[in-house]
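J.: Residue numbers (mature numbering (1 follows the signal peptide of the UniProt record, and there is no 0)): -29 to -1, 1 to 822. Every residue gets a Cβ at the ideal spot worked out from N, C-alpha and C, and that includes glycine.
(1) Look at the Cβ atom of residue 531, then the Cβ atom of residue 574, and state whether they are nearer than 8 Å.
(2) Would residue 113 and residue 201 qualify as a contact pair, given that the criterion is a beta-carbon distance under 8 Å?
(3) Suppose the cutoff is 6 Å on Cβ atoms and the five residues either side in sequence are ignored; what does the same chain contact list for residue 452 look like?
(4) Can you have a look at residue 175 and say buried or exposed, based on whether 16 or more other CB atoms are within 10 angstroms of its CB?
(5) For the segment 75 to 87 against the segment 346 to 357, are there 3 or more C-beta pairs whose distance is under 8 Å?
(6) Can you tell me where the alpha helix (DSSP H) with residue 260 in it begins and where it stops?
(7) Shortest alpha-carbon distance to residue 553 belongs to which of 107, 587 and 614?
(8) What residues in its chain sit with their C-beta under 7 Å from that of residue 769, if we drop five residues either side in the sequence?
(9) Looking at the structure shown, is residue 545 part of a helix, part of a strand, or coil, going by DSSP?
(10) Secondary structure at residue 516, three-state DSSP: helix, strand or coil?
(11) Comparing C-alpha positions only, which one of 620, 582, 599 and 591 sits nearest to residue 611?
(12) Are the CB atoms of residue 561 and residue 628 nearer to each other than 8 Å?
(13) So which of 304, 138, 344 and 292 has the shortest CA-CA distance to residue 311?
(14) Can you list, in chain order, the residues of its chain with a C-beta nearer than 8 Å to that of residue 71? Leave out the 5 residues immediately preceding and following it.
(15) Whole angstroms is fine: what's the gap from residue 474's alpha carbon to residue 438's?
(16) Per DSSP, which residues does residue 364 bridge with? Please list them.
(17) Between which residues of its own chain and residue 286 is the CB-CB distance below 6 Å, once the five residues before and five after are set aside?
(18) What residues in its chain sit with their C-beta under 6 Å from that of residue 44, if we drop five residues either side in the sequence?
(19) Using a C-beta cutoff of 8 Å, does residue 471 count as contacting chain D?
(20) Return the CA-CA distance between residue 48 and residue 36, expressed in angstroms with no decimal places.
(21) Give the DSSP-derived three-state secondary structure of residue 681 in the structure shown.
(22) For the structure I just gave you, are there three or more beta carbon pairs, one from the segment 329 to 346 and one from the segment 264 to 273, closer than 8 Å?
(23) Are residue 101 and residue 246 touching if we call contact CB-CB under 8 Å?
(24) Round the Cβ separation of residue 435 and residue 490 to the nearest angstrom and send it over; I've been treating them as touching at under 8 Å.
(25) Can you list the beta strand (DSSP E) stretches of 3 or more residues lying completely in the segment 269 to 311, in chain order?
(26) Does DSSP put residue 461 in a helix, a strand or coil?
(27) Do you know offhand how far residue 130's Cα is from residue 82's?
(28) Determine the closest residue to residue 417 out of 291, 384 and 366, with distance taken between C-alpha atoms.
(29) In the DSSP output, what is residue 140 paired with across the bridge?
(30) Would you please state the rounded distance, in angstroms, between the beta carbons of residue 164 and residue 119? I believe it to be under 8 Å.
(31) Taking only three categories from DSSP, how would you classify residue 49?
(32) Considering only the beta carbon of each residue, do residue 40 and residue 80 sit closer than 8 Å?
(33) Mind the definition here: the segment 593 to 600 touches the segment 494 to 503 only if three or more C-beta pairs lie below 8 Å; say whether that holds.
(34) Residue 203 and residue 177 look like a contact to me (Cβ under 8 Å); what is the Cβ gap, rounded to whole Å?
(35) Kindly give me the distance between the Cβ atoms of residue 91 and residue 34, rounded to whole angstroms, as I take these residues to be in contact under 8 Å.
(36) Is it buried or exposed, residue 127, if we count other Cβ atoms within 10 angstroms and call 16 or more buried?
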């Protein structure tokens, strides 16, 4: 790679000093580099730091940059070293076509102080293209009477490379009839003709085949070939003749495709096919062939595409006229492209300083402007002005640049910003104009406090959030500039439930993003407020604050809790189901609650395992266990149901419980209930025990069943309890959310409740349920004494009266852990009834018989 550093040209000192602006130093000059095309990206073209004597240590602070006139940035600058590097692939044939020289022009800028250098990058051609012919085979028809020395033109080879890399010559394969003559064209370079050296004889040989080779001068050399097929015809006495040897026309650059340019004409004195003339282009470049077309019969030449004067100002076309026998003549057509004022001036802002301090003196440079117009002559002459503005003016600078400077000292309190509209108009006809508006901000002192975008903010965060996660952001705007407009955020010290707010939240001082310091618990507290302060960095600083309300939303983090049946350690809770129960009969109910809220507390019930699948079903949302079909004698007496209670959260949480049911009509025929909690490891032992018990108790069971049927025929299903009994009530812990249809047993369901001491020989009837929430007229309750004796409990006699039953300490049932002032849970004691929480509740609030 090679590069050439051009001389740095400077104008007269008088023009330089006129436009020097106090502390700004301007240095303008020209630099020229040269590289080969197709060079790899990242390759170093040259070093600005060395060629311009720039200190590498201060280069980055001076903000060097490159400005191309087009949209493609072919080169870039290394901000650290000052090297000019290749940024995009550069194909010389694509950029410049067949032009003898190819160069890119761009500007190199430095600021603080300001320097401008015009850089020219010459792109050298490399031999990366082969010579090619328009067709693989060329056909010529030559009469046998052709004279020795007669010439026949052939299509030239084209090579998109330039200079020595383009076509340099031709060679013709050895033959006895033709030799090769090579010519040079100003537009297309080398082209060839074949010359007849020995007369042809159609009777001896009517066809000849020749190979023409075109080669370039590159290293390594590249070449292309074409086959010339010559057909010998009978005598053809005349050759086509053009009416003009040179046609010269002009076409405007804005001519649309299909515009007629000129019609060439040639005639042939022969008759028949030998006198028919056809036209075609000969010896023209690929670009010219893509721009123009010719009618082979009429000779009319038209444009195929738009013509741009700024790209090519003239074309030279060579047209060949051939008769039916292959005799040809040629002429030249020169097409001059007339410039049209079709390019409006372009205003480029090379440097712009904003904001500008309001105390800047008059004459301070605001922007460096460059105006260009691609047209030529008067169409490219441009006048530039400022639209209706008395605060700024334009002053000529070096190398066709303009400086926008202040005309007076600016005052921000009068006007904080200026919209400066630049107008550029050329002198073409009709004239074209362009506009460019720039906004200049005038810096201010700290006289504005930060203002929040909203009067208050709300943030919603899900409980169990990840500590450190962002919750929301607050934004305050300060119309001041620089440090006066820089806002810093902080939390105003306060307490949340007696704990400093810094233990819950933190805020990013730069962005205003609020983060959670720890995880929140919806069940602990659901909302709180904090105050955010926004303070600028002015002197003295100004501030404002805003309230941020934080709302904690519920998450499904609590599994359902089963209230009934309640776990009872080693003992179990069993309910009796009559043998005559019909399909749809209510046999029990599962009661559960969920500490979450909303849909996270919506509960659903499902039987996941049962002794006899299909015998019982459970309400999806009520938890009511009912007989799915009529109970038969063949059904197993002991029924164990595994109930799954699932909430409606995402993802859902669930828990399970066991419900033990006994299908029987008499207590006497009930085996040991505790046997339902487990099974003996040996099935044989179980069978033997069951057989012995069945035989020994059969007679006694038969008598008991007869007595039980008489007393229980008119009664409803009863519940049996062994061990600590938990009877469902309408009470819920205060922190549970009330959910309709779940977590409570409705008072409309009726039960006859029984209490057993474990001896299975006695039972106490303590409450009888009714559909109504009030007692019948003939049933009254006796108010229990204020203080009950130790071991005393209340029961109802057959007349419906409440009686106190005193028991010795030794007679207190083992399932009663402690006695309460108003008796055991479920005992009606005057106007009160004992609930699940161990507290007495008024009958009016819990329902008289809600158990």
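T.: The short version:
(1) yes
(2) Taking C-beta atoms as the reference points, residue 113 and residue 201 count as a pair closer than 8 Å.
(3) 326, 414 and 415
(4) exposed
(5) The answer is no - the segment 346 to 357 does not touch the segment 75 to 87, with fewer than three Cβ pairs under 8 Å.
(6) Counting along the chain, the unbroken alpha helix (DSSP H) around residue 260 starts and ends at 257 to 262.
(7) 587
(8) Its pLDDT being 37, under 50, residue 769 is placed unreliably by the model, and nothing is read from it.
(9) strand
(10) Reduced to three states, the DSSP call for residue 516 is strand.
(11) 582
(12) Residue 628 is positioned such that its CB atom lies closer than 8 Å to that of residue 561.
(13) 344
(14) 133 and 134
(15) 11 Å
(16) 376
(17) Closer than 6 Å at the Cβ level, and outside the excluded window around residue 286, lie 259 and 306.
(18) 58
(19) Protein chains in the displayed structure number just one, and chain D is not present.
(20) Each residue's Cα considered, the two are about 7 Å apart.
(21) The answer is helix: DSSP assigns residue 681 an H, G or I state.
(22) no
(23) no
(24) 5 Å
(25) 271 to 274, 285 to 293 and 299 to 309
(26) strand
(27) Taking the straight line from one Cα to the other gives about 45 Å.
(28) 384
(29) For residue 140, which the question treats as bridged, DSSP gives the partners 186.
(30) Wrong, their Cβ atoms sit about 15 Å apart, outside the cutoff.
(31) coil
(32) no
(33) no
(34) 5 Å
(35) Residue 91 to residue 34, Cβ: 23 Å. No contact.
(36) buried
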